[in-house]
Amino acid sequence: MKHSFIDEYSGLDSFIHRLDPRTKLIASLAFIVAVVLTPASNWRVFAFYFCIIVALLIFSKLPPIYVMKRSLVIFPFVLLTAIFIPFFKEGEVAGSYNVWMWQVSVTYSGLFILANVVVKAWLCILALILLSSTTRLADLLKSLKQLGVPQVMILILSFMYRYIFVLVDEVMRMQQARDSRNFGGRRLHQLKTIGNMVGTLFIRSYERGERIYAAMLARGFDGQVRTLHKLSFKQADAYFGAVFCLVLIFPCVIWW
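Basically my numbering = 1-based index in the sequence shown + 1454.
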């Protein structure tokens, strides 16, 4: 099966790729914090942050289509969370609509908050795409360990990323077997079949996890994540970190 890995373009050669993973991780967290803490009314600051992240994406040589597809995946989840804000936020009414027996109203303040949530979420997702696409997962996990993240969380992330594709393959095989048996009929029958598939997938995943754990213990696994090369903090990382922090602070001094 063909899968789309999050570090698919981590092998490219660019200035962003050559930075230490710890530098990129801290810079990404700083950017996300700056975006989240920016007041909703400062749209010039959001535009400035957007220009920053676009410039870094250009320097990283990531394909624009790839970045757009990745960033748009998060929008359904954001909209599901925030789509009801315009209907329940008090303020000046922008419009009223009749939905069956109810009359719902959309307020300008609610629409403003919805736009703010979408913009902040998109900027944060672009920063995470830049981080994950320019850093090998093993190096990213190693940088998390050196920055003090608990070992159990690192192991969970490592195994989740490794075996999520195995589970996807399993689901696709089960779906193919279901369709080859002329899947159809009444809705109740379909729900029963899907429920059986979910239960079977859970049992197979549990049994696979037990086998993998036993195999790892037999091979002397001690819970440590190891890579073939060591992380090194260079002079370029210090320059990039200092300049990036100054750039993030710049709109706070000018427009706040």
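Where is the CB? At the ideal position from N, CA and C, for every residue including glycine.
Classify A1484 as helix, strand or coil using the three-state DSSP reduction.
For the purposes of this step, residue 1484 is taken as the residue at position 30 of the sequence shown. If DSSP states are grouped into helix, strand and coil, A1484 belongs with the helices.
In angstroms, rounded to a whole number, what distance separates the CA positions of Y1463 and I1583?
Along the sequence shown, read from residue 1 onward, the residue named residue 1463 stands at position 9. Along the sequence shown, read from residue 1 onward, the residue named residue 1583 stands at position 129. In a straight line, the C-alpha of Y1463 is about 11 Å away from that of I1583.
Give the straight-line distance between the Cα atoms of R1635 and Q1678, rounded to the nearest whole angstrom.
Looking up residue 1635 in the sequence shown gives position 181. Looking up residue 1678 in the sequence shown gives position 224. Going by the C-alpha atoms only, they are around 45 Å apart.
Can you tell me the Cα-Cα spacing of G1731 and A1501, whole angstroms?
As shown, the chain starts at 1455 and ends at 1710. That puts residue 1731 outside it, with no answer to give.
Assign H1471 to one of three DSSP states: helix, strand, or coil.
Numbered from its first residue, the sequence shown carries residue 1471 at position 17. It is helical.
Quick check on this structure: which residue in G1653, V1571 and E1624 has the alpha carbon closest to the alpha carbon of F1531?
Numbered from its first residue, the sequence shown carries residue 1531 at position 77. Nearest C-alpha to F1531: V1571.
Pick out whichever of S1659, R1632, I1657 and R1658 has its Cα sitting closest to the Cα of K1646.
The residue you call residue 1646 lines up with position 192 of the sequence shown. Ranked by Cα distance from K1646, the options S1659, R1632, I1657 and R1658 are led by R1632.
Ordered along the chain, which non-local residues of its own chain (more than five positions away) have a Cβ less than 7 Å from that of I1608?
To locate residue 1608, count along the sequence shown from 1; it is residue 154. If we look at I1608 and ignore the five residues flanking it on each side, its Cβ neighbours are L1595, L1598, K1599 and V1679.
Determine the DSSP secondary structure at E1462, reduced to helix, strand or coil.
Residue mapping note: residue 1462 aligns to position 8 of the sequence shown, counting from 1. In this structure, E1462 counts as coil in the three-state DSSP scheme.
Excluding five sequence neighbours on each side, which residues of the same chain lie with their C-beta closer than 6 Å to the C-beta of F1469?
For the purposes of this step, residue 1469 is taken as the residue at position 15 of the sequence shown. Counting only Cβ-Cβ distances below 6 Å, and skipping sequence neighbours, we find F1513.
Taking its Cβ as the centre, do 16 or more other Cβ atoms sit within 10 Å of D1623, making it buried, or is it exposed?
The count along the sequence shown starts at 1 and reaches residue 1623 at position 169. That one is exposed.
So is C1505 buried or exposed if we call it buried at 16+ other beta carbons inside 10 Å?
What you label residue 1505 is simply residue 51 of the sequence shown in a count that begins at 1. Label assigned to C1505: exposed.
My understanding is that L1655 touches V1625, with C-beta atoms under 8 Å, so please give their C-beta distance in whole angstroms.
Numbered from 1 along the sequence shown, position 201 holds the residue referred to as residue 1655. Numbered from 1 along the sequence shown, position 171 holds the residue referred to as residue 1625. L1655 to V1625, Cβ: 6 Å. Contact.
Keeping to the same chain, check which residues put their C-beta closer than 7 Å to that of L1611; ignore five residues upstream and five downstream.
For the purposes of this step, residue 1611 is identified with residue 157 of the sequence shown, where counting begins at 1. Taking C-beta separations shorter than 7 Å and ignoring five residues to either side along the sequence, the partners of L1611 in its chain run L1595, following chain order.
If you draw a straight line from the C-alpha of I1480 to the C-alpha of H1471, how long is it?
If you number the sequence shown from 1, residue 1480 lands on position 26. If you number the sequence shown from 1, residue 1471 lands on position 17. In a straight line, the C-alpha of I1480 is about 15 Å away from that of H1471.
For Y1503, is the classification buried or exposed, using 16 other Cβ atoms within 10 angstroms of its Cβ as the cut-off for buried?
Position 49 of the sequence shown, counting from 1, holds the residue named residue 1503. That one is buried.
Looking at the unbroken alpha helix (DSSP H) that takes in F1504, where does it start and where does it end?
Counting from 1 along the sequence shown, the entry for residue 1504 is found at position 50. It spans W1497 to S1514 - the alpha helix (DSSP H) in which F1504 sits, taken as one unbroken run.
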